[in-house]
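Visitor: Following this message is one structure expressed as C-alpha cells.
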Amino acid sequence: MACNPRRLASCLRLAAIPLLRAIEHPDEIESAIDPLSESDESPWVALRKDETLRAEIFQDVERCMPDNFYFRQPTTQTMLLDILFIFCKLNLDVGYRQGMHEVLAPILWVVERDAIEPESLVATSRTGPQGSTLLPEVFDARYIEHDTFTLFGLIMQNAKSFYEPGMHVKILKSTSKTGQQNDNPMVVRCKHILEELLPQADPGLAAHLQEIDIVPQIFLMHWIRLIFGREFAFDNVLE
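For reference, each letter of the sequence shown is one residue, going -22 to -1, 1 to 217 in mature numbering (1 follows the signal peptide of the UniProt record, and there is no 0).
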C-alpha cells in the first residue's frame, strides 16, 4: 500500500510534539538526572541541543526575505522553524545548514497561496459536480504544513548531499590539489556544469573561465544550494 504523505507528515508532527513541548515547558520534564549533568542519557542534554538547534534555525528564519511581509508573520516563521527542525531531527547526518530556509520559503509561499479553506471544500462537495472535490482536497488548507514538509523533503532527497557537513572545507581543500580526483557531490556537479553544460550554452564564457582558471565551486556552490533563489527576484524564482 502506498504511503499517504499527509498521514506520514501528521505522524511526524505528533512525534515532534513532546520535543516541542519540552522546549516550551522544560519544568515539565520528569527525570531524576541532575539538570547540570552532561551524560548522553540526560534529557536535559538533549533539550539543550534542541534549543541550540532551534535558535540557530530561527536566526535564519528571522532574516528570511526581510522585505516580504508574509515572512515576517509569526505563524509563517513558526511553520518554517518547525518544518526545518523536524527535518533536521530526521536527518541527523546533515542536520541544519544555512540556506535550507531559503529553499523552504518559496515552497511554503506557494502551498499557502494555493490553499483552499475547509469551508470551501464542504460547499463544493454539496453543490459541485461529481469528482469536482479532487482539486480542493489536493489544496486543502488544513495540510499546508504537511504538504510543505513533504515537498521540501522530496527536494532535499537530491539536494541533501550539497549540504554535507564539512562540505565547504572539503571543497577548499580540493581546489588546492590540481589534478586530483574528487568525488564530492558538489565538486562533481560543478565540474559537470562548467566543463560539459556551459560550453554548449556559451562557448565564449566557458573558454574565458577556463583561461583565467576560475574554480567553479567558488560561485556555483551558492547557486546550486539555493537553487538560484538569491540570483533572481522572488517572483521569478516562483516561476
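In this text, a Cβ means the ideal position worked out from N, Cα and C, and glycines have one as well. Everything numeric in this text was worked out from a predicted model, so none of it was measured.
So aspartate 118 packs on isoleucine 94, CB below 8 Å; how close in whole Å?
Guide: Yes, they are in contact, since the Cβ atoms of aspartate 118 and isoleucine 94 sit about 7 Å apart, within 8 Å.
Visitor: Under 8 Å: do the segment 175 to 190 and the segment 45 to 60 share three or more Cβ pairs, one atom per stretch?
Guide: These segments do not touch.
Visitor: Counting C-beta neighbours from all protein chains within 10 Å, is the total for glutamate 123 16 or more, i.e. buried, or is it exposed?
Guide: It is buried - the Cβ of glutamate 123 has at least 16 other Cβ atoms within 10 Å.
Visitor: When the Cα of aspartate 38 is compared with those of Leu70, Asp28, Tyr74, which residue comes out closest?
Guide: Nearest option by C-alpha distance: Tyr74.
Visitor: Roughly how many angstroms lie between the CA atoms of leucine 172 and glutamine 188, to the nearest whole one?
Guide: Each residue's Cα considered, the two are about 9 Å apart.
Visitor: Can you look up isoleucine 94 in the DSSP assignment and give me helix, strand or coil?
Guide: Strand, per DSSP.
Visitor: Have a look at threonine 56 and leucine 112 and give me their C-alpha separation to the nearest angstrom.
Guide: Each residue's alpha carbon lies about 29 Å from the other.
Visitor: Thinking C-alpha only, which one of Glu90, Ile64, Val72 is nearest threonine 53?
Guide: If we check each option's Cα against that of threonine 53, Glu90 comes out closest.
Visitor: Measuring alpha carbon to alpha carbon, tell me which residue in Met43, Leu129, Phe140 is nearest methionine 199.
Guide: Checked all of Met43, Leu129, Phe140; the closest Cα to methionine 199 is Phe140.
Visitor: Methionine 164 lies in the alpha helix (DSSP H); which residues open and close that run?
Guide: Residues 163 to 170.
Visitor: What would DSSP say about aspartate 71, mapped onto helix, strand or coil?
Guide: Coil, per DSSP.
Visitor: Quick check on the burial criterion: 16 or more other C-beta atoms within 10 angstroms. Buried or exposed for leucine 175?
Guide: Exposed: under 16 other Cβ atoms inside 10 Å.
Visitor: Assuming arginine 203 contacts glycine 77 (C-beta within less than 8 Å), just tell me the rounded distance between them.
Guide: Right, the Cβ-Cβ distance comes to about 5 Å (below 8 Å), so this counts as a contact.
Visitor: Need the endpoints of the alpha helix (DSSP H) that glutamine 51 sits in, please.
Guide: Counting along the chain, glutamine 51 falls outside any alpha helix (DSSP H), and DSSP gives it neither H nor E.
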